[in-house]
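Q:
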Amino acid sequence: IPYFPLNYIRDLVVECQEYIKSIASLNPIPVERTNEFVTQANGVPAKEAEFPHHVRLGHFAYEDYDDPSFIIRCSGALISEQYILLSGHCFWATEDNYVSLGRHDYTKNASLPEVQIKRVRKEDLIIHEGYDPEINSAYDDIALLRLNEPVNFTSHIYPACLWTDESPLQLDKFTATAFTVGKFVNETDDTYVAKLLVQVVPSDDCAQEYANSTFYKKGITEEQICVQSPVEWNSTCEGDIGGLLQTLVEGSTTVYRLYGVEGNGHACEENHLKFTYTKVQSYLDWIEKIVWGA
Numbered sequence: 001i002p003y004f005p006l007n008y009i010r011d012l013v014v015e016c017q018e019y020i021k022s023i024a025s026l027n028p029i030p031v032e033r034t035n036e037f038v039t040q041a042n043g044v045p046a047k048e049a050e051f052p053h054h055v056r057l058g059h060f061a062y063e064d065y066d067d068p069s070f071i072i073r074c075s076g077a078l079i080s081e082q083y084i085l086l087s088g089h090c091f092w093a094t095e096d097n098y099v100s101l102g103r104h105d106y107t108k109n110a111s112l113p114e115v116q117i118k119r120v121r122k123e124d125l126i127i128h129e130g131y132d133p134e135i136n137s138a139y140d141d142i143a144l145l146r147l148n149e150p151v152n153f154t155s156h157i158y159p160a161c162l163w164t165d166e167s168p169l170q171l172d173k174f175t176a177t178a179f180t181v182g183k184f185v186n187e188t189d190d191t192y193v194a195k196l197l198v199q200v201v202p203s204d205d206c207a208q209e210y211a212n213s214t215f216y217k218k219g220i221t222e223e224q225i226c227v228q229s230p231v232e233w234n235s236t237c238e239g240d241i242g243g244l245l246q247t248l249v250e251g252s253t254t255v256y257r258l259y260g261v262e263g264n265g266h267a268c269e270e271n272h273l274k275f276t277y278t279k280v281q282s283y284l285d286w287i288e289k290i291v292w293g294a
């Protein structure tokens, strides 16, 4: 366990403070962001620029070489100029992988203020050493992805801060986000970021929910959080395979604090209302060392 002096401030905390200052100068798009909203089955469509850190990972399918279609595969969170935080099970070993930033709505006729697409290589994916992609497991399900070039922050593309508070969790609700459907961009099916207000529940609730799952042979660990959806939430099965769990930074209406990335093993054939997320806080040393060289 690393030793930190009493007055030690993590690099990522300093970076968060700097991000908040610099973001203010970008004049973020005036979108109502709130931790309280009325939810609905399969989530409420997010407003454009509502989650500036929420990015899309996928690859292009060249069925028509004159009109390649971007396939939505997964969600991730921009946490610095050059790194995305995501679920370990999220990144498939396929060629021509891309990260798309700055757009929530991928419906055919959607207008968008800007899209930045960064090509990434599978060798730039850093999966936590505790996660084994070869077996069915939901433990240490977290990864970092290094972009091939830095992101230019804009009024609607900028990073989330990370949850660093080590005191007992006081919040009882978080905002979960993920993509719906996951169809080709040039089809008419809706593909957009949806948000859902979820309730924090005891880990034992998820342990019981997934008692027969091969992904949770050790039950629910301290590195995971259990949340419950008040309504049906099919994004995991009908959209991407790794969503985000976040809340607004206290006192801010523009910057979110990322609490978790979606865990593996939510079987589509079962009607789950409880889901696990990998806690970002449990992996701060690992993240900080890779991203900021601490």
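Mapping of the sequence shown onto the UniProt record's numbering: position 191 corresponds to residue 191, and the numbering continues sequentially without gaps. Note that beta-carbon positions come from the ideal geometry of N, C-alpha and C, so glycine has one too.
If you measure between the beta carbons of G242 and C90, is that distance less than 8 angstroms?
A: Position 242 of the sequence shown, counted from the first residue, corresponds to residue 242. Position 90 of the sequence shown, counted from the first residue, corresponds to residue 90. In contact: G242 and C90 (Cβ atoms closer than 8 angstroms).
Q: On a Cα-Cα basis, can you pick out the residue from E50, P45, V55, S80 that is closest to P159?
A: Against the sequence shown, residue 159 aligns to sequence position 159. Cα-wise, what sits closest to P159 is S80.
Q: Could you please give the first and the last residue of the uninterrupted beta strand (DSSP E) stretch that includes Y19?
A: Position 19 of the sequence shown, counted from the first residue, corresponds to residue 19. Premise fails: Y19 lies in the alpha helix (DSSP H), 11–25, not in any beta strand (DSSP E).
Q: Using 8 angstroms for Cβ pairs, my map puts D141 next to Y131. What's the rounded Cβ distance?
A: Numbered from 1 along the sequence shown, position 141 holds the residue referred to as residue 141. Numbered from 1 along the sequence shown, position 131 holds the residue referred to as residue 131. Indeed, because the Cβ distance is near 6 angstroms, the residues count as touching under 8 angstroms.
Q: Starting from the C-beta of I127, find all residues in its chain whose C-beta is less than 6 angstroms away, skip the five residues before and the five after it, and write them out in chain order.
A: For the purposes of this step, residue 127 is identified with residue 127 of the sequence shown, where counting begins at 1. For I127, where only same-chain residues beyond five positions count, the Cβ hits under 6 angstroms are G88, A143.
Q: With DSSP collapsed to three states, give me the class of Y83.
A: Mapped onto the sequence shown, residue 83 falls at position 83. Correct three-state label for Y83: strand.
Q: What separation, rounded to the nearest whole angstrom, lies between the Cα atoms of S282 and V291?
A: Counting from one through the sequence shown, the residue named residue 282 turns up at place 282. Counting from one through the sequence shown, the residue named residue 291 turns up at place 291. Distance between the alpha carbons of S282 and V291 is about 16 angstroms.
Q: Can you list the alpha helix (DSSP H) stretches of 4 or more residues lying completely in the stretch 249–294, in chain order?
A: DSSP runs (the alpha helix (DSSP H)) wholly in the stretch 249–294: 284–292.
Q: What residue range does the beta strand (DSSP E) around K176 cover?
A: On the sequence shown, position 176 is the one that residue 176 refers to. Just to set this straight, residue 176 is Ala in the shown sequence, not Lys. Where A176 is concerned, the enclosing beta strand (DSSP E) stretches over 173–179.
Q: For R121, does the count of other Cβ atoms within 10 angstroms reach 16, so buried, or fall short, so exposed?
A: If you number the sequence shown from 1, residue 121 lands on position 121. Exposed: under 16 other Cβ atoms inside 10 Å.
Q: Can you tell me which residues form a DSSP beta bridge with C226?
A: For the purposes of this step, residue 226 is identified with residue 226 of the sequence shown, where counting begins at 1. The partner list for C226 (beta bridge, DSSP) reads V201, T276.
Q: Look at the Cβ atom of V198, then the Cβ atom of A176, and state whether they are nearer than 8 angstroms.
A: Sequence index remark: in the sequence shown, residue 198 carries index 198 (1-based). Sequence index remark: in the sequence shown, residue 176 carries index 176 (1-based). The answer is yes: Cβ separation under 8 angstroms.
Q: Check the DSSP bridge columns for T247 and list the partner residues they point to.
A: Mapped onto the sequence shown, residue 247 falls at position 247. DSSP lists R257 as partners of T247.
Q: Mind checking T34: buried by the 16 CB within 10 Å criterion, or exposed?
A: Within the sequence shown, the letter at position 34 stands for residue 34. Result: exposed.
Q: Locate the beta strand (DSSP E) running through V99, then write down its first and last residues.
A: For the purposes of this step, residue 99 is taken as residue 99 along the sequence shown, with counting starting at 1. That run of the beta strand (DSSP E) goes 97–101.
Q: For the beta strand (DSSP E) containing L145, name the first residue and the last one.
A: Stepping through the sequence shown from its first residue, residue 145 is reached at position 145. Its beta strand (DSSP E) spans residues 143–146.
Q: Under 8 angstroms: do the stretch 244–264 and the stretch 157–174 share three or more Cβ pairs, one atom per stretch?
A: Yes, they touch.
Q: In this structure, does DSSP put Q170 in helix, strand or coil?
A: Position 170 of the sequence shown, counted from the start, is the residue given in the question as residue 170. Looking at Q170 - three-state DSSP - the assignment turns out to be coil, as it is neither helix nor strand.
Q: What is the rounded straight-line gap between the Cα of L244 and the Cα of K21?
A: Within the sequence shown, the letter at position 244 stands for residue 244. Within the sequence shown, the letter at position 21 stands for residue 21. Distance between the alpha carbons of L244 and K21 is about 24 angstroms.
Q: Could you give the residue range of the beta strand (DSSP E) that holds R119?
A: Mapped onto the sequence shown, residue 119 falls at position 119. Unbroken beta strand (DSSP E) run through R119: 116–120.
Q: Assign K217 to buried or exposed, taking buried as 16 or more other Cβ atoms, counted over all protein chains shown, within 10 Å of its Cβ.
A: Here the question's residue 217 lines up with position 217 in the sequence shown. It counts as exposed.
Q: Going by C-alpha to C-alpha distance, which of G263, N148, W233, G265 sits closest to K195?
A: Translated into positions along the sequence shown, residue 195 becomes position 195. Answer by Cα proximity: W233.
Q: In three-state terms, what does DSSP make of H54?
A: Within the sequence shown, residue 54 is the residue found at index 54, counting from 1. H54 falls in the strand class under three-state DSSP.
Q: To the nearest angstrom, report how far apart residue 299 and Y106 are at their CA atoms.
A: Since the first and last residues shown for the chain are 1 and 294, residue 299 lies out of range.
Q: Just to confirm, are G76 and L12 a CB contact at a threshold of 8 angstroms?
A: Numbered from its first residue, the sequence shown carries residue 76 at position 76. Numbered from its first residue, the sequence shown carries residue 12 at position 12. Against a cut-off of 8 angstroms, the Cβ pair of L12 and G76 comes out as no contact.
Q: Go ahead and label I9 buried or exposed: buried means 16 or more other beta carbons lie within 10 angstroms of its beta carbon, across all protein chains shown.
A: The residue given as residue 9 occupies position 9 in the sequence shown. By the neighbour-count rule (16 or more Cβ atoms within 10 Å), I9 is not buried but exposed.
Q: Within the same chain, show all residues whose beta-carbon is closer than 6 angstroms to that of N97, passing over the 5 residues directly before and after it, in chain order.
A: Locating residue 97 in the sequence shown gives position 97, counting from the first residue. For N97, where only same-chain residues beyond five positions count, the Cβ hits under 6 angstroms are H59, V120.
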